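As structure tokens, the structure follows; a few thoughts come after it.
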Amino acid sequence: MKIIDITRPLSDKTVSYPGDIPPNFTQRDQGLYLISDLYMNSHSGTHIDAPVHYLKTGNTIDTLPLSNLIGRCRVIDVSDAGKVIDTGHLAGKIENTERIILKTKFSREDRFLEHYPSITLEAARYLTKCHIRCIGIDSFSIEAFVCDGSVHRELLGHGCIIIELLDLSDVDAGDYDLVALPLRLAGLDGAPARVVLIQKEGE
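Under our numbering, the sequence shown has 1 at position 1, and the numbering climbs by one with no breaks.
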């Protein structure tokens, strides 16, 4: 099998959302060993949103059902959609799957762009109607920069967990096994995560 790491490296060079604290790591030599102090927010780098992030109630990141984040998933290439991913870009592509990952033109970007690709509220409603349990995207957010939070609330309110800022630059569209594990930060709204796709031989 082939394991594809779709996590962005997390460092002080990791691109940050406006208003967020950029990650800062300080390493100290303690003689017998090295140890590092980490300073960042819960949505730094590749990360997972818990329902409480936008709903202010419900599951926190440490109580998410991991079954949403582990299992078969489908990578859908929507690079031609530009900055707006609507229902038409998804229709006919999500049958027989519960987890999807959207590959946009953003994967190779290393700076903030206000017009990053995101999905519409109508697309979010379509996904929840189809009982999608997890959605990932390679841009900053599943929702547009100028927004009212309705896309997040639609998805998270229907049990669809969100993964953001993936690196899909070397991933082809198709079906894979997904493993997405957030740090188990008690009571928090989100956490950085290590996310991998597994491609079995012959797929």
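We treat Cβ as the ideally placed atom computed from N, Cα and C, and that holds for glycine.
Here the structure is a predicted model, which means the values were calculated and not measured.
Given Ala-173 as reference, the closest of Gly-19, Leu-90, Lys-83, Leu-32 once Cα atoms are compared: Residue numbering aside, residue 173 sits at position 173 when the sequence shown is read from its first letter. Ranking Gly-19, Leu-90, Lys-83, Leu-32 by Cα distance to Ala-173 puts Leu-90 first.
Buried or exposed (CB count within 10 angstroms, at least 16 for buried), Arg-8: Start at 1 with the first residue of the sequence shown, and residue 8 comes out as number 8. That one is buried.
According to DSSP, residues forming a beta bridge with Glu-95: If you number the sequence shown from 1, residue 95 lands on position 95. DSSP, once it has assigned bridges, lists no residue as partnering Glu-95.
Asp-170 vs Ala-123 beta-carbon contact at 8 Å: To locate residue 170, count along the sequence shown from 1; it is residue 170. To locate residue 123, count along the sequence shown from 1; it is residue 123. No.
Whole-Å CB distance - Leu-168 paired with Ser-118, under 8 Å assumed: Reading the sequence shown from its first residue, position 168 is the one you call residue 168. Reading the sequence shown from its first residue, position 118 is the one you call residue 118. That pair is no contact at about 15 Å.
Three-state class that DSSP yields for Thr-46 in the structure shown: Mapped onto the sequence shown, residue 46 falls at position 46. It is coil, neither helix nor strand.
Supposed contact pair Gly-71 and Glu-98 - C-beta distance, whole angstroms, cut 8 Å: For the purposes of this step, residue 98 is taken as residue 98 along the sequence shown, with counting starting at 1. For the purposes of this step, residue 71 is taken as residue 71 along the sequence shown, with counting starting at 1. Indeed, because the Cβ distance is near 7 Å, the residues count as touching under 8 Å.
With 16 other Cβ atoms within 10 Å as the buried cut-off, status of Cys-147: Within the sequence shown, residue 147 is the residue found at index 147, counting from 1. Its Cβ having fewer than 16 others within 10 Å, Cys-147 is exposed.
C-alpha gap between Leu-181 and Leu-66, whole angstroms: Locating residue 181 in the sequence shown gives position 181, counting from the first residue. Locating residue 66 in the sequence shown gives position 66, counting from the first residue. So the two alpha carbons sit approximately 8 Å from each other.
Contact check, Ile-21 vs Leu-188, beta carbons under 8 Å: For this step, residue 21 is matched to residue 21 along the sequence shown. For this step, residue 188 is matched to residue 188 along the sequence shown. No; because the gap between Cβ atoms is not below 8 Å, this pair is not in contact.
Buried or exposed (CB count within 10 angstroms, at least 16 for buried), Thr-57: For this step, residue 57 is matched to residue 57 along the sequence shown. Exposed, because fewer than 16 other Cβ atoms sit within 10 Å of the Cβ of Thr-57.
Local conformation of Asn-24 per DSSP, three classes: Residue 24 sits at position 24 when you count from the first residue of the sequence shown. Strand.
Beta-carbon contacts of Thr-120 that lie in its chain and below 6 Å, excluding the five residues immediately before and after: Within the sequence shown, the letter at position 120 stands for residue 120. Correct list, in chain order: Asp-86.
Between the CA atoms of Thr-14 and Arg-125 - distance to the nearest angstrom: Within the sequence shown, residue 125 is the residue found at index 125, counting from 1. Within the sequence shown, residue 14 is the residue found at index 14, counting from 1. Distance from the CA of Arg-125 to the CA of Thr-14, rounded to the nearest whole angstrom, comes to 31 Å.
N- and C-terminal bounds of the alpha helix (DSSP H) containing Ser-150: Walking along the sequence shown from the start, residue 150 turns up at place 150. Under the DSSP assignment, Ser-150 falls in the alpha helix (DSSP H) whose first and last residues are 150 to 157.
Residue from Leu-113, Leu-156, His-115 whose Cα sits closest to the Cα of His-131: Along the sequence shown, read from residue 1 onward, the residue named residue 131 stands at position 131. Taking only the C-alpha atoms, the option nearest His-131 is Leu-156.
Option in Ile-100, Leu-64, Thr-63 with minimal Cα separation from Val-78: If you number the sequence shown from 1, residue 78 lands on position 78. Ranked by how close their Cα comes to the Cα of Val-78, the residues Ile-100, Leu-64, Thr-63 have Ile-100 in first place.
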